[in-house]
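For reference, the structure is listed below as structure tokens.
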Amino acid sequence: MTDGLTSRQTQILKTIIDEYIATAEPVGSEALDKKYNLGVSPATIRNEMVSLTKLNFLKQPHASAGRIPTPVAMKFYINQLMEEKQMSIVDEVKAKEEVWDSRDDLDELMDEATHALASRTKSLSVAAIKDKKDRFWYAGHSYVFQNPEFSDVLTCQNLFSVFEELDDLDRLFFGYESTSPLEVLFGEELG
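Here our numbering is used: the first residue of the sequence shown is 1, the next is one more, and so on.
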């Protein structure tokens, strides 16, 4: 469950990932010490960061930088550290009402569901179905710009260029075998 990490390493890793998600910047031990009460010295945080780097949970973009989480760390965070949040009954009813009228038309249902997901998560939402032809739905493009990692124009350009190339989308969504109804991809997994 903890991939061999100590409880302190797990706590530090979670804090680093939370900070990285908030800022999209490398995270240093001094910043962690000042912002979060981890109960250990900056030197101890640094030593644990070195250990987490050796275990492939963190990487250092350049010598003078803090650390950033690797895809391995992000998957660990999703699978082990994130807390599941339940929708309220009111939100659940509202979500069902938004797509109810579309239930008899798959294309319309997927379009409505994708828009509803984007609206609720304030994120870019993409859905895909592979049948006689590959079909894709996406919504929430404007939410991308609210995330600090997309403040760079080139990063946004690279992301949106994927949506212009059907082959890229096909490879991204259908290029691997999975038994899971939900798959999370990071870094090199995205091609």
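Positions of the beta carbon are idealized from the N, C-alpha and C atoms, including for glycine. Just so we're clear, the structure is a prediction, and the values are computed from it rather than from any experiment.
- request: Tell me whether S178 is buried or exposed, calling it buried when 16 or more other Cβ atoms sit within 10 Å of its Cβ.
  value: Looking up residue 178 in the sequence shown gives position 178. Exposed, by the Cβ-count rule.
- prompt: Where do the N-terminal and C-terminal ends of the alpha helix (DSSP H) with G78 fall, by residue?
  reply: Counting from 1 along the sequence shown, the entry for residue 78 is found at position 78. Correcting the residue type first, residue 78 is Ile in the shown sequence and not Gly. Premise fails: I78 is in no alpha helix (DSSP H) and is neither H nor E.
Segment contact, 8 Å Cβ cut-off, at least three pairs: the region 26 to 42 with the region 78 to 89: no
message: Helix, strand or coil, according to DSSP, for L55 in the structure here?
response: On the sequence shown, position 55 is the one that residue 55 refers to. The answer is coil: DSSP assigns L55 none of H, G, I, E or B.
- prompt: Which of the three DSSP states, helix, strand or coil, is assigned to P26?
  reply: Counting from 1 along the sequence shown, the entry for residue 26 is found at position 26. DSSP places P26 in coil when its eight states are reduced to three.
query: By how many angstroms is the C-alpha of G66 removed from the C-alpha of Y193?
result: As displayed, the chain neither begins before 1 nor continues past 191, which places residue 193 out of reach and without an answer.
message: Within the continuous beta strand (DSSP E) that includes S123, where are the two ends?
response: Residue numbering aside, residue 123 sits at position 123 when the sequence shown is read from its first letter. From DSSP, S123 is part of no beta strand (DSSP E); its letter is neither H nor E.
message: In the DSSP output, which residue or residues are listed as bridge partners for A116?
response: Residue numbering aside, residue 116 sits at position 116 when the sequence shown is read from its first letter. Bridge partners of A116: none, in fact.
message: Determine whether the beta carbon atoms of L55 and I45 lie at a separation below 8 Å.
response: Taking the first residue of the sequence shown as position 1, residue 55 is located at position 55. Taking the first residue of the sequence shown as position 1, residue 45 is located at position 45. Not a contact, by the Cβ cut-off of 8 Å.
message: Could you check whether the region 132 to 150 touches the region 112 to 122, counting it as contact only if at least three pairs of C-beta atoms, one from each stretch, sit closer than 8 Å?
response: With three or more CB-CB distances shorter than 8 Å, the region 132 to 150 counts as touching the region 112 to 122.
- request: Have a look at the DSSP bridge pairing and note the partners of V143.
  value: Walking along the sequence shown from the start, residue 143 turns up at place 143. It is Tyr, not Val, that sits at residue 143 in the sequence shown. Partner(s): none; Y143 has no beta bridge.
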